[in-house]
Structure formats: C-alpha cells, structure tokens
Amino acid sequence: MPGEMGSVSISKATLIVGLGVTALGCHRDKPNLPGDTVVLAQVNSSQITQYDVDLAARSLLGKASGDALDAQAKRKLLESMVQARAIAQKREAELNSNQRAQLDKQVAAYREELLVKQYLSKHTKPKPVSAEIVARYYEQNPERFGAEKVRAYELITSPRELTDAERTPLMAALRDPAAHKDWSSWCAELQKKRMALVYERGTTQHGVAQPTLRQLIAQLDVGASSRLTFVDGRPYLVRVTEETRSPAKPLAAVSSEIRETLMPMQVKQSVEAASAVVMKDARVVYR
C-alpha cells in the first residue's frame, strides 16, 4: 500500500532494469519514454530515471498500485534500485567471458519471454467460454461439484483381535455369507454361540477410515459380499446393500468456477492458432 512499502524486494524486471541498458543488448534510439529524461540517480556512469522507477513500481505492485505509490515509497524504491544497480555493476566487473555469455543468454531468454507475451496479448483473442461448454463440463464432471457416489454397507467383524482358538471356528461359521439374507440375525445367532462378533451398518458418505475396508466396499457390486478378510487380527465380512448419488451443486452456483477452469484451455487454443500463423512465415531448420 502507498506509504507502507518498507523493505522493497527486487523482482526479475527490476533487476533487469538494475543491470542497465547495455546488459539488455538494446539501445534507446528514441529517448521519448515518459519520464526517461528525468534522472533521479546516477550510479557511477549509469543513470536511473523516473521511467525506470515507474516501471519497477508497476512490475512489483501492478499498474494501479504502482502508479499510486506516494513520494516516500518511491524514494525507498529508488534507493533499492540504486543498490541493485551498484551490485549489478560490481558483479559484472567480476565476470569472466563464460559467465558473461551465460548472463547474456539469460537476459536474452527473458527478453524473448516478454516479446512472446506482448505478441500474444496483441494478436490473440481467446474465445469466451460459452454456456453450452459450461453445461457440458458440468454434466461430465458431477463429482467436482459435490456429487458423490454413496454406498451403504453392512459388515460383520469383531470388537478386538481374535485369538488362534477363536479364529478357526469363526472362519467356518462365516464361510457362506451369500446363504444369509439377514446378516443382523445371523450375527445374533453366532453371538449366542459365544463368538466374538458384532454387526454394523454404515455409508461411505463421510469416508471409511480403514483402508482395507474402504477397498472392499469399492470393489463390490451392490448386493455382493466380500470374502472373509483379516486385518490386524480382526475379521471383516462386508456386503454393499445400496448405492446412491448425492446431488451436485446447482449449475448456476458453479458456472463462474467452471469458466475459470476452462478459460486456460481457450487461451491455449488461441495461442496454438497464433503459433500456427507465425510458423508459416518462419524458416526453421532442425540440425
């Protein structure tokens, strides 16, 4: 915020400014940039102008916030740029030929990045995400908007780890789950025989904590029973009794979210179209 800038961090763009015009590999043939003739500081033989400070402010804070900086904040920014320029000059004097060549490559890559962004900004106009596209995406991805497949299940298990003596008769008693329609009554009968078993019902609406149990439930068809499975000494016999789907949020409530999701795809298509036009005029030879 204006007047509360404090310690100014240096962005990539500010550092490029700090390196000076020579490091960018280009020269100002027409010094008609706004404020570029107003010199605010000179670091050795290099000048920092009002334009440089305004550019750095917009790069750091965005155009609106950068333009709104008060005099005190701009002064702090200028001081940071002076420091950056001095550091850059000092480092440049230390460079050997290989290091200088590497720096030139990095600066050239950043310059190319800026040029690509400028070209695409000028020549591409992504198509808006239509209502039809939004509706189709909504229909094809209901789980993204709150729709959830919920499975109801029942299971027979034990409240604790079984002893070896308990395990053998229990395995024999639970060997044919398909023969029993009412598992609650079945479990009650086995409890009367002093078998350490409990009957439970549940749904997957809020998740199932036990990973093996969760996997068993996910793999079963509705009405099908799992095989008897032991986890940490406890038996699990599961049957899925029903499958429903909870409703998704209304389309009207998520249409803006869908447009934000799909807009990058529209931009990508626009960029691909622009690239195809440019490549028709480019002479490319791969070696």
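Quick note, the sequence shown lines up with residues 56 to 342 if you use this note's numbering.
Virtual Cβ for every residue (Gly too), placed ideally from N, Cα, C.
message: Less than 8 Å between CB atoms is the rule here; does Glu327 satisfy it with respect to chain D?
response: Absent here is chain D; the protein component of the structure consists of one chain.
task: Pick out the complete alpha helix (DSSP H) segments inside the stretch 191-267, 4 residues or longer, and give them in chain order.
output: 219-228, 238-247
task: Count the CB pairs spanning the stretch 162-169 and the stretch 285-294 that are closer than 8 Å, and state whether there are at least three.
output: As far as the Cβ criterion goes, the stretch 162-169 does not touch the stretch 285-294, which means the pair count is below three.
task: Indicate whether Thr296 and Tyr208 have their beta-carbon atoms separated by less than 8 Å.
output: As a first step, residue 296 must be located in the sequence shown, where it is residue number 241. As a first step, residue 208 must be located in the sequence shown, where it is residue number 153. Contact: yes.
task: Using the DSSP secondary-structure output, state which residues sit across from Ser301 in a beta bridge.
output: As a position in the sequence shown, residue 301 is number 246, starting the count at 1. According to DSSP, Ser301 shares a beta bridge with Glu203.
task: Please report the Cβ distance between Val184 and Met318, rounded to the nearest whole angstrom; I am assuming they are in contact, meaning their Cβ atoms lie under 8 Å.
output: Along the sequence shown, read from residue 1 onward, the residue named residue 184 stands at position 129. Along the sequence shown, read from residue 1 onward, the residue named residue 318 stands at position 263. That belief holds up - the Cβ atoms of Val184 and Met318 are roughly 6 Å apart, short of 8 Å.
- prompt: Are Val205 and Thr258 closer than 8 Å when you measure CB to CB?
  reply: Position 150 of the sequence shown, counted from the first residue, corresponds to residue 205. Position 203 of the sequence shown, counted from the first residue, corresponds to residue 258. Contact: yes.
query: Unbroken alpha helix (DSSP H) runs of length 4 or more, entirely within the stretch 131-184: which are they?
result: Scanning the stretch 131-184 for uninterrupted alpha helix (DSSP H) segments of 4 residues or longer gives 152-178, listed from N- to C-terminal end.
- request: Report the rounded CA-to-CA distance for Leu116 versus Ala123, giving the unit in angstroms.
  value: Counting from 1 along the sequence shown, the entry for residue 116 is found at position 61. Counting from 1 along the sequence shown, the entry for residue 123 is found at position 68. Leu116 and Ala123: Cα-Cα distance of roughly 10 Å.
- prompt: Does the separation of the CB atoms of Pro214 and Ala264 fall below 8 Å?
  reply: In the sequence shown, the residue the question calls residue 214 occupies position 159. In the sequence shown, the residue the question calls residue 264 occupies position 209. Going by C-beta atoms, Pro214 is not nearer than 8 Å to Ala264.
field: Whether Ala112 touches Leu88 by CB criterion (8 Å)
entry: Start at 1 with the first residue of the sequence shown, and residue 112 comes out as number 57. Start at 1 with the first residue of the sequence shown, and residue 88 comes out as number 33. Result no, Cβ atoms of Ala112 and Leu88 do not sit closer than 8 Å.
message: Could you give the first and the last residue of the continuous alpha helix (DSSP H) run that contains Ser101?
response: By one-based count along the sequence shown, residue 101 stands at place 46. First-last for Ser101: 101-104, but that is the beta strand (DSSP E), not the alpha helix (DSSP H).
Boundaries of the alpha helix (DSSP H) in which Leu306 is found, first to last residue: As a working note, residue 306 is residue 251 in the sequence shown. Run containing Leu306: 306-336, per the alpha helix (DSSP H) assignment.
message: Relative to the C-alpha of Thr92, which candidate in Gln105, Ser101, Val98, Ser100 has its C-alpha closest?
response: Taking the sequence shown and counting its residues from 1, the one referred to as residue 92 is at position 37. Of the candidates Gln105, Ser101, Val98, Ser100, the one whose C-alpha sits nearest the C-alpha of Thr92 is Gln105.
Gln274 to Ser281 span [Cα, whole Å]: Position 219 of the sequence shown, counted from the first residue, corresponds to residue 274. Position 226 of the sequence shown, counted from the first residue, corresponds to residue 281. Each residue's Cα considered, the two are about 9 Å apart.
field: Candidates Leu210, Leu217, Thr223: closest to His235 by CA position
entry: Mapped onto the sequence shown, residue 235 falls at position 180. Here the closest residue by C-alpha is Leu210.
field: Best match in Gln154, Asp107, Trp241 for proximity to Val253 [C-alpha to C-alpha]
entry: By 1-based counting over the sequence shown, the position of residue 253 is 198. Residue Trp241 is the option with its Cα nearest to Val253.
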